[in-house]
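J.: The sequence shown runs 25 to 276 under my numbering.
Note that the Cβ used here is the ideal one computed from N, Cα and C, for glycine as well.
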Amino acid sequence: MQKPAMVASTPSHDSQVSQFQVFGERRSGTNFTRLLIERNFALEPVFHYGWKHGFLSVPAVGSHVLLVGVARNPIDWLISMHATPFAVVPRLKDLSFSDFIRAEWDSIARPGGQGWRAAGFRQDMKLRNEVLQFDRHPIEGRAFRNILELRQVKLRALLGLTRRVSHAAVVRHEDLRDQPDEMLPLLRDHFALPAVLTWHRIDDYVGNKSNPKTLTAADISPEDRTFILDGLDLDLEAQFGYGLNFDVSPRA
C-alpha cells in the first residue's frame, strides 16, 4: 500500500483556516472528502468558490479558506465514469467502454442538479441542457478531444490551486479512503487545522447513486490499454503517485 502523502500543497501560512472547499472531477471522491474533513476538523464547508467538478472561477479566495483538490486512480476512475457519466451529452451515455474513452467530451448544464446557487452562480433553469461551460477547455473554449484530455487539464488545474491561494492541498482519494488515520494528521499539522480528539472514519458509500460497473481493469482490451497509455500524461500521473496497472481493479 502506498504511503499517504499530499501530492502538492501551499507552504505553511500564518493565517488561520476556518472554511474549506473541495474540488475534483466527478467519480473522484469529492463528497467523501468533504464529509471526512467535515467530521474531523472544526471547519465550515463552503461551495461558493465555483463548481467543484470544474475550475476555480471566482475573483478572489479568502486567506481563511483551505481548498482541497482530490484525484482518483485513472483506471478505476475511467471505469466509474463510464458506468455513471453524470451530466454528459446524451450521445456519451450508452457507448461501449472502447467508444466512450475515444469520444469527444462535452456536458450539459443542469442548474439544479449541479448546485449552481451554492457555487455562487445564478440558478437560471432556462439554461438547462445548454453546453456546460465548466466542462470546456478553460482557455481555448473547445470541447475536450476525449475524457483522457479532460483528465489531463483538470489534474493540472488541481495542482494550480497551490499557486493561487493561501491554503491549498492536493490529495489522492485512495489515501483518504484507505488510510485516513495517517492522512488526516498530515493535513492537520501542515495547515494547523482545529481537529477532533479521535479520528472518525467513513466506511459507507458517500455520494450520488452510481450504476453498476460494466467491466474491471483486467477486462480492458489491449487496444484500449494502448489508447489509454497514449492519451494520459504519464509524467503527470506519476506526480500524483499513480502508475497504470490493468491487472488489478482498485476498490470501488
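Around the C-beta of Pro246, are 16 or more other C-beta atoms found within 10 angstroms, so that it is buried, or is it exposed?
T.: Classification of Pro246: exposed, given that the 10 Å Cβ count is below 16.
J.: According to DSSP, is Ser87 helix, strand or coil?
T.: Ser87 falls in the coil class under three-state DSSP.
J.: With DSSP as the reference, identify every bridge partner of Ser120, one or two as the case may be.
T.: According to DSSP, which records beta bridges pairwise, Ser120 is partnered with nothing at all.
J.: Please report the residue range of the beta strand (DSSP E) in which Phe47 lies.
T.: Its beta strand (DSSP E) spans residues Gln43 to Phe47.
J.: Once DSSP output is grouped into helix, strand and coil, what is the label at Val189?
T.: Coil.
J.: As a quick exercise: from Gln263, Ser104 and Phe270, pick the residue whose alpha carbon is nearest that of Ser33.
T.: Ranking Gln263, Ser104 and Phe270 by Cα distance to Ser33 puts Gln263 first.
J.: Determine, using beta-carbon pairs with one atom in the stretch 177–191 and one in the stretch 78–92, whether at least three such pairs fall under 8 Å.
T.: Touching, yes, given that three or more Cβ pairs across the two stretches are closer than 8 Å.
J.: Roughly how many angstroms separate the alpha carbons of Leu90 and Val220, rounded to a whole number?
T.: C-alpha separation (whole angstroms): 17 Å.
J.: What's the C-alpha gap between Leu239 and His37?
T.: Whole-angstrom Cα-Cα distance: 45 Å.
J.: Given a threshold of 16 other Cβ atoms within 10 Å of its Cβ, counted over all protein chains shown, does Leu258 qualify as buried or as exposed?
T.: So Leu258 ends up on the exposed side.
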